[in-house]
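Some notes on the structure that comes next.
Protein chains: 2
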Amino acid sequence: MTAGHFRETVDLARCTRLLNHGPVTIITSQHEGRTNVMAASWAMPLDFSPPKVVVVIDNNTLTRRLIEASGVFGLQVPGVAFARETLAVGTSNGLELDKFAAFRLQTFRAQQIDVPMLSGCTAWMECKVIPDDSQRYDLILAEVVAAYADRRVYSDNRWHFDDAPGLRTCHYVAGGTFFSTGEPFEVQATRPTVPESSTPQP
Amino acid sequence: MTAGHFRETVDLARCTRLLNHGPVTIITSQHEGRTNVMAASWAMPLDFSPPKVVVVIDNNTLTRRLIEASGVFGLQVPGVAFARETLAVGTSNGLELDKFAAFRLQTFRAQQIDVPMLSGCTAWMECKVIPDDSQRYDLILAEVVAAYADRRVYSDNRWHFDDAPGLRTCHYVAGGTFFSTGEPFEVQATRPTVPESSTPQP
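These protein sequence lines map, in sequence, to chains G and B.
So the first sequence is residues 1 to 202, counted in our numbering.
So the second sequence is residues 1001 to 1202, counted in our numbering.
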């Protein structure tokens, strides 16, 4: 239950914001006592209300098998301090290795689903699969049924990574290389130059 | 054809790398002379070979209508210097406004599809829709048929943003706030602690 006291509920109506900037994720799964954990760069929001996500999980993986059997999975957003573990679970095979034990990963109990959630991450979403034909393209669609984040870097529906650098989210490139999430900046939209024919939406 | 001399072909076998780190994207579309351009944070790779992407495009949009009619779209990755335009095309409605004219956007001709591609971005992918039932979830699946990037920040299948800061990709949060793509870092995967029962994959 490491750092459990830093986890704070995120409003489901805004929870896609945890994933909107495209960070790398880690997926946990469990069915009939068998568990697994893998990294996934290919995960994104799909809808706001109810909040949905879509992830790409290869049909040949243990994770896929466990998720299809249980109908649930944990989706977590690791920080830069967790990048080595992210790479480790992303480059090893759950059919050959108990990754939780091998990489000494700590877990805690999910709120709404029966899947171990990974301690030491920055944000977490508990997901229930939406049955869909898209499986043939390795997609899994899911509804988010619980979400929480480490309040040291996420509160009031806003990221503030400067307050805990190790929890800064990251983005996977290839070959063990990541980008950390960079500095925030705010812009005003360019104004249209032909206002007489336009009604831009807010 | 602004900056056309900076655009360099990206090997299709590696082109998902342009999108792997989860940057915000801009989608261009065209059918029977009508064109549109919108921002999309919800875009990601789906497969390596042939390269595929999946994007979320609301069923009520002009972009969706044009893409469904033409079967093709342009997917571009803007840099931070293009964030104002990205927000502008993401918060205005193509049914009410010719966004290309209103925001003075420059385009150039695509190589493989009949869609205007947006000048001033960092990377580009030309996409052909894969017919699929997932449309009911606002998803569009597509194969990438051409890809190129600004060689000032992407060459030899590698990002190097420091060489042209305005072309650094970015990640959308909400309400006009973006993150720039941060610094790259490389890690070695954690070694498993139970090697006797494991064969980690490379």
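Each residue gets a CB set at the ideal place from its N, CA and C atoms; glycine is no exception.
On a predicted model such as this, the values are computed, not experimentally measured, just so you know.
Indicate whether at least one CB of chain G lies closer than 8 Å to the CB of residue i.
i, result
"B:R1152", "no"
"B:V1206", "Any question about residue 1206 of chain B goes unanswered here, given that chain B covers just 1001 to 1202."
"B:H1005", "no"
"B:A1088", "yes"
"B:L1118", "no"
"B:W1159", "yes"
Under 8 Å, Cβ to Cβ, is there at least one residue of chain B near residue i?
i, result
"G:Q108", "Correcting the residue type first, residue 108 of chain G is Phe in the shown sequence and not Gln. By this cut-off, G:F108 is not an interface position."
"G:A146", "no"
"G:E85", "yes"
"G:T2", "Residue confidence for G:T2 is low, a pLDDT of 42 falling below 50, so the modelled location carries little weight; the figure read from the coordinates is stated next. So no, G:T2 is outside the interface."
"G:L139", "yes"
Note down, in chain order, each residue of its chain lying with its Cβ closer than 6 Å to the Cβ of residue i, except the 5 sequence neighbours on either side.
i, result
"G:L62", "N36, G94, L95"
"B:M1125", "L1075, V1144, A1147"
"B:F1161", "V1153, R1168"
"B:T1009", "Y1148"
"G:I67", "S29, F73"
"B:Q1201", "Summary for B:Q1201: the model assigns pLDDT 43, below 50, so the residue's position carries little reliability, and this model does not support an answer."
"G:E186", "none"
"G:S155", "none"
"G:G33", "none"
"G:R64", "I57"
"B:T1091", "none"
Who are the Cβ neighbours of residue i in its own chain at under 7 Å, not counting the five residues just before and after it?
i, result
"G:L139", "V54, V56"
"B:R980", "With chain B running from 1001 to 1202 in the structure shown, residue 980 of chain B is simply not present."
"G:S49", "A13"
"G:G71", "K128, V129"
"G:L46", "K52, V53, V54, L141"
"G:N59", "D138"
"B:C1015", "P1051, M1125, V1144, A1147"
"B:D1132", "L1141"
"B:W1159", "V1153"
"G:P195", "Low per-residue confidence applies at G:P195: pLDDT is 49, beneath 50, and the placement is therefore not dependable enough to give any value."
Starting from the C-beta of residue i, find all residues in its chain whose C-beta is less than 8 Å away, skip the five residues before and the five after it, and write them out in chain order.
i, result
"B:S1198", "Residue confidence is low: B:S1198 scores 45 on pLDDT, short of 50, so the model does not pin down where it sits. No coordinate-derived value is stated."
"B:Q1188", "none"
"B:C1121", "I1026, Q1076, V1077, P1078, G1079, F1082, D1150"
"B:N1157", "V1010, D1011, R1014, R1017"
Give me the Cβ distance between residue i and residue j, rounded to the nearest whole Å; I'm assuming they're in contact under 8 Å.
i, j, result
"B:A1147", "B:I1130", "Going by Cβ atoms, the distance from B:A1147 to B:I1130 rounds to 17 Å, so no, they are not a contact pair."
"G:S180", "B:G1182", "4 Å"
"B:R1106", "B:S1119", "Here residue 1106 of chain B is Gln; the residue named in the question, Arg, does not match the sequence. Right, their Cβ atoms sit about 4 Å apart."
"G:P184", "B:F1108", "With 8 Å as the limit, G:P184 and B:F1108 do not qualify as a contact, their Cβ atoms being about 31 Å apart."
"G:V173", "B:R1017", "7 Å"
"B:D1150", "B:A1123", "7 Å"
"B:F1103", "G:T190", "5 Å"
"G:A83", "G:C170", "6 Å"
Against chain A, does residue i count as a neighbour if the rule is that its beta carbon must be under 8 Å from one of theirs?
i, result
"B:R1191", "Checking the listed chains, one finds no chain A in this structure; the protein chains it contains are G and B."
Segment contact, 8 Å Cβ cut-off, at least three pairs: the region 84-101 of chain G with the region 1066-1080 of chain B: Judged by Cβ distances under 8 Å, the region 84-101 of chain G makes no contact with the region 1066-1080 of chain B, as fewer than three pairs qualify.
Under 8 Å (Cβ pairs) to chain G, residues found in the region 1042-1076 of chain B: W1042, A1043, M1044, P1045, L1046, D1047, K1052, V1054, V1056
Near-chain B residues of the region 177-194 of chain G - C-beta to any C-beta below 9 Å: T177, F178, F179, S180, T181, G182, E183, P184, F185, E186, V187, Q188, A189, T190, R191, P192, T193, V194
Residues from the region 92-103 of chain G in contact with chain B, defined by Cβ distance under 7 Å: S92, N93, E96, L97, A101, A102, F103
Inter-stretch contact (C-beta, 8 Å, three-pair minimum) for the region 1110-1120 of chain B and the region 1012-1031 of chain B: These segments touch.
Cβ contact check for the region 16-23 of chain G and the region 36-47 of chain G: 3 or more pairs under 8 Å: yes
Residues from the region 3-31 of chain G in contact with chain B, defined by Cβ distance under 7 Å: Residues passing the 7 Å Cβ filter: R17, N20, H21, G22, P23.
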